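Right, one structure below, let's go through it.
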Amino acid sequence: MSSEHAIAARQKIRADAAAIGVDEAFISKLVDEFYSRVRVHPQLGPVFNNAVDDWPEHLAKLKQFWESVALNAGVYSGRPMQAHLKVKSIEPAHFGEWLYLFEQTLRDIAPSEAAVEYFMIRANRIGESLKLGLFFRPA
Numbered sequence: 110m111s112s113e114h115a116i117a118a119r120q121k122i123r124a125d126a127a128a129i130g131v132d133e134a135f136i137s138k139l140v141d142e143f144y145s146r147v148r149v150h151p152q153l154g155p156v157f158n159n160a161v162d163d164w165p166e167h168l169a170k171l172k173q174f175w176e177s178v179a180l181n182a183g184v185y186s187g188r189p190m191q192a193h194l195k196v197k198s199i200e201p202a203h204f205g206e207w208l209y210l211f212e213q214t215l216r217d218i219a220p221s222e223a224a225v226e227y228f229m230i231r232a233n234r235i236g237e238s239l240k241l242g243l244f245f246r247p248a
């Protein structure tokens with residue numbers, strides 16, 4: 110893909126997302142609100158609070174991750190699978206809890222139903238990929 114084509118594709122993704130209310134400002138709000146809920150959640154809170162040493166730094170990284178996922182921003186360069194492999198307290202059931210809470214947060218703050226669907230499609234794919242990588246790996 111030529112750089113001109115890549116730039117045009119990225120601009121289209123951003124324009125389509127903006128049309129349903131998804132931009133950097135919304136992503137920042139979503140990440141802040143969602144993880145404030147995660148931190149007090151009875152099942153997810155202990156997992157995250159024990160794994161995250163610096164919440165402001167972690168939230169900044171998560172915002173970059175979601176900007177890259179939702180807007181094709183290309184600003185995230187982390188390795189989510191390796192990060193999650195280090196957290197021994199993660200259980201398969203946590204993914205369902207995470208997705209449920211993520212959807213509830215979206216339903217409470219998203220600017221449109223299309224924005225909820227936009228994020229949930231991506232969140233489900235990411236969750237499934239992480240779950241498979243963490244729990245269903247060949248020995």
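Here the working numbering is used: the sequence shown runs in plain steps of one and ends on residue 248. For each residue, glycine too, the CB sits at the ideal point set by N, CA and C. In this text, all values refer to a predicted model and were calculated from it rather than measured experimentally.
Between which two residues does the alpha helix (DSSP H) containing residue i stretch?
i, result
"Arg188", "Arg188 -> no alpha helix (DSSP H), and no H or E assigned at all."
"Asp162", "Taken as a continuous stretch (DSSP letters only), Asp162 belongs to no alpha helix (DSSP H), as it is neither H nor E."
"Ile228", "In the sequence as presented, Ile is not what sits at residue 228; that position holds Phe. 222 to 244 is the extent of the alpha helix (DSSP H) around Phe228."
"Asp217", "201 to 218"
"Ala117", "112 to 128"
"Lys195", "No alpha helix (DSSP H) contains Lys195, which DSSP labels as neither H nor E."
"Ile141", "Sequence check: residue 141 is Asp here, not Ile. Note, Asp141: alpha helix (DSSP H), 133 to 149."
Just to confirm, is the Cβ distance from residue i to residue j under 8 Å?
i, j, result
"Ile136", "Trp175", "yes"
"Pro189", "Leu243", "no"
"Ala179", "Arg231", "yes"
"Ile147", "Leu210", "In the sequence under discussion, the amino acid at residue 147 is Val, which differs from the Ile named in the question. For Val147 and Leu210, yes; Cβs fall inside 8 Å."
"Asp132", "Ala126", "yes"
"Ile199", "Val156", "yes"
Considering only residues of the same chain and omitting the five flanking positions on each side of residue i, which have a CB-CB separation below 8 Å?
i, result
"Ile129", "Pro220, Ser221, Ala223, Ala224, Tyr227"
"Thr214", "Leu139, Glu142, Phe143, Arg146"
Apart from the five residues just before and just after residue i, which ones in its own chain have a Cβ nearer than 6 Å to its Cβ?
i, result
"Val161", "His167"
"Ser186", "none"
Short of 7 Å in beta carbon distance, which residues of its chain neighbour residue i, apart from the five on each side in sequence? Order them along the chain.
i, result
"Gly183", "Ser177"
"Gly154", "Val147, Arg148"
"Ile122", "Leu180, Asn181"
"Trp207", "Leu153, Gly236"
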